[in-house]
Amino acid sequence: MLYAILCYAHEETVFAWTKEEEAAVMEKLYAVQEPLAVSGKLGPVGRLMPTTAATTVRKGKDEALVIDGPFAETKEALLGFYVVDFDTLDEAVAFSKQLSAVNPGSTSYEIRPFYVFRPGDAAS
Amino acid sequence: MTDIAWIDLALASARPKALGALLRYFRDLDTAEEAFQEACLRAIRTWPEKGPPRDPTAWLIFVGRNSGIDAVRKRSKLQALPDEDVISDTEDAEGDIAERLDDSNYRDDILRLLFICCHPDLPGTQQIALALRIVSGLSVTQIARAFLVSESAMEQRITRAKARVAKAGVPFETPSPQERAERLSIVSTMIYLIFNEGYSQADPRHEAAAFSDEAIRLGRLMLHIFPSEPELMGLLALMLLQISRRPARFSAEGEIVLLEDQDRSLWNQLFINEALALLDKALRHRQPGPYQLQAAIAAIHSRAKRAEDTDWTEIDLLYRALERVQPSPVVTLNRAVAVSKLRGPQEALDLIDPLGEKLGGYFYYHGLRGGLLKQLGLTSQAREAFDHAIALAHSAAEAAHIRRQIDKMQEEAAQPIAK
């Protein structure tokens, strides 16, 4: 089963990390990802630009509305995601727990199984 | 990162919102600052044990408000009883805290807090110092070191600035859309001032260099609460594009490396990508302003893989647009660089000669003039312009850069032309 693991956190804190703090966190996250990557179960991983870079297109009456900002105005924003192949939800939970352990602050991971997945070929 | 380091960051990023809300509540900067301080102390004691709250800002406002009320009560027992409105509007006191936690409710609080710091009576350096102290919460020691003054002098400067602002009075009513737009623009200018104070430092390890990061943080905050302001997108994009070049701007010896000589592989591509995305978004609004135009110019440099790929025609056009929106001799001076690339040094020189009266005391004016004269082979006139520039240099790196130009010119003059 393919799962999307979505990373939610306070972006104001995350985007205030210094270069060194950021590097330290990323290194720990890579260490958690590495075994999965080796076993071939890790699909695309994406880190998103801040929500200030987001644009939302919402269905309007006649024409779609284009709004600056993310879809949901929440305390925690979607900052990135993983696509992973696990046999059971338990494995996905265990992996997310590992991610959460090395990520400082109140980061949450939402696990969402896939219906359809097309890897595409846009990534470079 | 340790828990404590994370808490520090969370407190710093919550500071403008929390302090802004407490200021509205207590209507007094010192009381609000004390209340926030107390809330931070409690956070450091409680969070490591119980874990961070889901919404640190709300937590800090709530705890700060209670401790501030206690403090005001205690003081009121010693002094005469305060009027009810000293503490707050009844409406504020009864309001449900959860209800005012949306970003839309923070907007005017933060804007007011920042606006206080850029009172027009205060000179630029004092605006910067006050904003860094109050909004960013930097210590007086840090700010003093950055401005190369003693701690007591800085303490005095900030106290005086606060007194001046208090005397001028701070409007607490919700501003009209017109006033809000004006404040937004004044605050943007102040944020860019903070940025430049840090960016102009040659040495990235210098205390003031951190100001640039702080300005970017404030820029992000502003855009967060005003997500549809194209000029804020432009401001943040401009700052990100400039800071993306920081690793390439100075040689190992601390000398200035000109844009065209910089090692572009050292530029921070993440910042550039974010800035280009922001600029893209801003342009959709079709309300070009000075920050968007300056960011668009910076973006052209960032898009060029090599210096010789730079699209100078587009830069010239953008500077012409900037001259229309925000006419200034400095803008024209900058356009002259594009003109010299497109149509040669003589035309650029013709463009900047009339600016001499206004820019006679400006380092870059003489530096550019010297460079153009040098290209025309007018060595002695170039030498004179360079000497002017050195006398006006702000830093050793600037002076050294010009001196190197002179040396190069003399070397070339000493050799017979062998081409």
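Going down the list, the protein sequences come from chains A and B. To get the numbering used here, take the position in the first sequence, counting from 1, and add 1053. To get the numbering used here, take the position in the second sequence, counting from 1, and add 2. Even for Gly, the Cβ is constructed at its ideal location relative to N, Cα and C.
Taking only beta-carbon positions, decide if residue i is within less than 8 Å of chain B.
i        : result
A1106(A) : yes
F1134(A) : no
F1068(A) : yes
Look at the alpha carbon of residue i and the alpha carbon of residue j, and state the distance between them as a whole number of angstroms.
i        : j        : result
C42(B)   : G70(B)   : 13 Å
G139(B)  : L13(B)   : 10 Å
R406(B)  : I218(B)  : 33 Å
K360(B)  : Y367(B)  : 10 Å
T315(B)  : Y1061(A) : 44 Å
T33(B)   : V74(B)   : 8 Å
I258(B)  : W269(B)  : 15 Å
Q412(B)  : A309(B)  : 26 Å
R147(B)  : A395(B)  : 21 Å
T191(B)  : A1057(A) : 42 Å
G236(B)  : I302(B)  : 14 Å
R67(B)   : Y27(B)   : 8 Å
L1118(A) : D282(B)  : 17 Å
A416(B)  : A393(B)  : 25 Å
F1170(A) : L1095(A) : 14 Å
Q431(B)  : G171(B)  : Outside the displayed range of chain B (3 to 421) lies residue 431(B), so it cannot be described from this structure.
R337(B)  : P329(B)  : 12 Å
A183(B)  : L357(B)  : 32 Å
Does any CB atom of chain C fall closer than 8 Å to the CB of residue i?
i        : result
S1159(A) : Given the protein chain composition of this structure (A and B), no chain C is represented.
Run through chain B and tell me which residues come within less than 7 Å of residue i, C-beta to C-beta.
i        : result
M1102(A) : E276 and A279
Less than 6 Å between C-beta atoms, sequence neighbours within five positions excluded: which residues of the same chain meet that for residue i?
i        : result
G362(B)  : none
R77(B)   : none
R1100(A) : G1133
A214(B)  : The residue asked about is misnamed: residue 214(B) is Ser in this sequence, not Ala. F197, G200, Y201 and I245.
E96(B)   : Because E96(B) sits at a pLDDT of 37, beneath the cut-off of 50, its placement in the model cannot be relied upon, and the following sentence gives the value as read from the coordinates. There are no such residues.
Please list the partners that residue i has in chain A, where partner means a Cβ-to-Cβ separation under 8 Å.
i      : result
D57(B) : K1128
R44(B) : Residues of chain A passing the Cβ test: none, with the nearest at roughly 18 Å.
L62(B) : Going along chain A, no residue has its Cβ under 8 Å from L62(B), so there is no contact; the nearest lies around 13 Å.
A12(B) : H1063, T1066 and G1158
S15(B) : H1063, E1065, T1066 and A1069
Between which residues of its own chain and residue i is the CB-CB distance below 8 Å, once the five residues before and five after are set aside?
i        : result
R288(B)  : none
F1068(A) : P1103
V189(B)  : L113, L116, F117, C120 and M224
V341(B)  : D318, E349, A350 and L353
E1167(A) : At residue 1167(A) the sequence reads Phe, which differs from the Glu that was named. The residues are M1054, L1055, Y1056, A1057 and V1136.
V137(B)  : R17, P18, L21, L115, L116, C119 and L220
List, in chain order, every chain A residue whose beta-carbon is nearer than 9 Å to that of residue i.
i       : result
H226(B) : E1064, E1065, P1103, T1104, T1105 and G1122
K307(B) : What K307(B) touches in chain A: nothing, since even the nearest Cβ is about 16 Å away.
K376(B) : In chain order: nothing, as chain A lies at least about 38 Å away.
K169(B) : Chain A residues near K169(B): none, gap ~33 Å exceeds 9 Å.
If the cut is a Cβ gap below 7 Å, which residues of chain A does residue i touch?
i      : result
P54(B) : G1158 and S1159
Report yes or no: is there a C-beta of chain A within less than 8 Å of the C-beta of residue i?
i       : result
R251(B) : no
I266(B) : Reading off the sequence shown, one finds Arg at residue 266(B), where the question assumed Ile. Output row for R266(B): interface = no.
R222(B) : yes
W8(B)   : yes
R219(B) : yes
K76(B)  : no
S230(B) : yes
K360(B) : no
K164(B) : no
K410(B) : no
K343(B) : no
K283(B) : yes
G97(B)  : With a pLDDT of only 43 at G97(B), under 50, the local geometry of the prediction cannot be trusted, and the value read off the model is given with reservation. It does not: the Cβ of G97(B) has no partner Cβ on chain A nearer than 8 Å.
Residues in its own chain within less than 7 Å of residue i by CB, not counting five upstream and five downstream?
i        : result
P1123(A) : T1104, A1107, T1109 and A1130
E1064(A) : P1103, T1104, A1130 and L1132
E233(B)  : S190, G291, Y293 and Q294
H403(B)  : E257 and I258
Quick check: does the Cβ of residue i come within less than 7 Å of any heavy atom belonging to the ligand FAD?
i       : result
A398(B) : Looking at this structure, you won't find the ligand FAD or any other ligand, since it has none at all.
Report yes or no: do three or more beta-carbon pairs, one from the segment 151–171 of chain B and one from the segment 8–25 of chain B, lie closer than 8 Å?
no
Check whether the segment 267–274 of chain B and the segment 1138–1157 of chain A are in contact - that is, three or more C-beta pairs closer than 8 Å.
no
Any contact of the segment 333–352 of chain B with the segment 370–377 of chain B, i.e. 3+ C-beta pairs under 8 Å?
Yes, the segment 333–352 of chain B touches the segment 370–377 of chain B.
Stretch pair the segment 292–302 of chain B + the segment 249–261 of chain B: three plus CB contacts closer than 8 Å
No: fewer than three Cβ pairs fall under 8 Å.
Does the count of Cβ pairs from the segment 239–248 of chain B and the segment 196–208 of chain B closer than 8 Å reach three?
yes
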